[in-house]
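A.B. asks:
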Amino acid sequence: MNKDFDGKVVLVTGAGSGIGRAAARLFAARGAAVYAADLNAQGLQETADLVREAGGKVRTAAIDVAREADVAALLVRIGDEAGRLDAAFNNAGITGGTYALQDYPAEDFDRVIAVNLRSVFLGMKYELPLLLRQGGTIVNTASVAAITGPGGMSAYAASKHGVQGLTRVAAMENAARGVRINAIAPGWTETPMVVANSAQNPAFAALAKQAIPAGRGAAPEEIAEAALWLSSGASSYVHGQLLVVDGGMTI
Ligand code: NAI
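Sequential numbering from 16 applies to the sequence shown in the numbering used here.
1) For residue 30, which option in 47, 58, 19 has the closest C-alpha, if you only look at C-alpha atoms?
2) Residue 35 to residue 106, Cα distance in whole Å?
3) Which residues in the same chain have their Cβ closer than 8 Å to the Cβ of residue 203, if we skip the five residues on either side of it in sequence?
4) Three or more C-beta pairs closer than 8 Å, one from the stretch 101-117 and one from the stretch 62-72: is that the case here?
5) Any heavy atom of the ligand NAI closer than 7 Å to the CB of residue 53?
6) Leaving out five residues on either side along the sequence, give the residues of the same chain with a beta carbon under 6 Å from the beta carbon of residue 186.
7) Only counting the same chain, and skipping five residues up and downstream in sequence, which positions put a Cβ closer than 6 Å to that of residue 32?
8) Which first and last residues belong to the beta strand (DSSP E) in which residue 50 is found?
9) Whole beta strand (DSSP E) runs in the stretch 80-120 with 3 or more residues, listed along the chain?
10) Please indicate yes or no: does the CB of residue 182 lie closer than 7 Å to some heavy atom of the ligand NAI?
11) Please state whether the Cβ-Cβ distance between residue 80 and residue 47 is less than 8 Å.
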């Protein structure tokens with residue numbers, strides 16, 4: 016395995032499950048020292064065990080990415096312990112419920128925006144000072160819902176459109192300062208988030224798979240590979256983009 020992340024410090028949020036877990040494992044396998052952050056302490060522990068079993072380096076942080084004090088304290092900790100940050104993958108997220116817009120509870124809307132969008136703002140706000148010291152990258156997880164309008168998911172789609180906007184602004188502000196910032200837009204990915212929804216609604220799951228030209232959902236590792244590429248020197252001239260990884264769903 017190529018160890019191009021040897022000596023690098025990488026923060027992954029939402030690392031207690033799904034895409035974030037796959038990314039934590041992949042970055043660690045490529046040599047990075049990974050900070051794995053998530054609200055779910057048990058999920059984080061499982062991720063840490065998997066990384067360590069494979070010989071990787073990982074530290075965990077049980078935080079709420081929507082809480083400014085949590086995010087600020089984590090970045091102070093990384094600065095103190097590791098003395099640097101080379102890459103951040105701001106990936107934690109929730110879908111929220113499915114309601115027609117006129118029925119969407121306002122407090123649920125606010126929570127989805129806080130977890131999916133405010134978190135990306137806070138993450139970048141506190142990651143940038145460390146990244147700017149020696150240069151680095153940020154990848155934010157958006158979704159195909161950043162470019163489409165899935166019925167019933169107004170908060171989710173609004174939050175993910177917002178992630179794309181924030182990514183562009185941050186990329187513009189930092190392109191000349193050594194920090195490249197991009198976003199990924201996964202399509203249907205087989206993680207607990209989607210598997211739980213499919214179990215509740217198998218007809219919807221079958222329909223969704225029919226709508227994917229590749230005929231299947233993604234494995235979390237296939238999405239993590241895209242985040243890794245955008246964090247690596249291989250994408251050194253890519254700034255402010257939304258990389259769609261969706262099996263052709265939005266063709
Ligand atoms: P997942 O549910 O497996 O993992 C999400 C992780 O985020 C969980 O471990 C959860 O505990 C954590 N999390 C939730 N709220 C948090 C908070 N306030 N603070 C800290 N951690 C928190 O879901 P998955 O699929 O891995 O999702 C990762 C990202 O990918 C999300 O941003 C999601 O919106 C996005 N995405 C997922 C797709 C899919 O089909 N699974 C499609 C498009 C985007």
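The beta carbon of each residue, even a glycine, is placed where N, CA and C say it ideally should be.
C.D. replies: Taking the coordinates as given:
1) 58
2) 6 Å
3) 209, 223, 224, 227, 232, 233, 261, 262, 264
4) no
5) yes
6) 196, 254, 255
7) 58, 207
8) 48-53
9) 102-105
10) no
11) no
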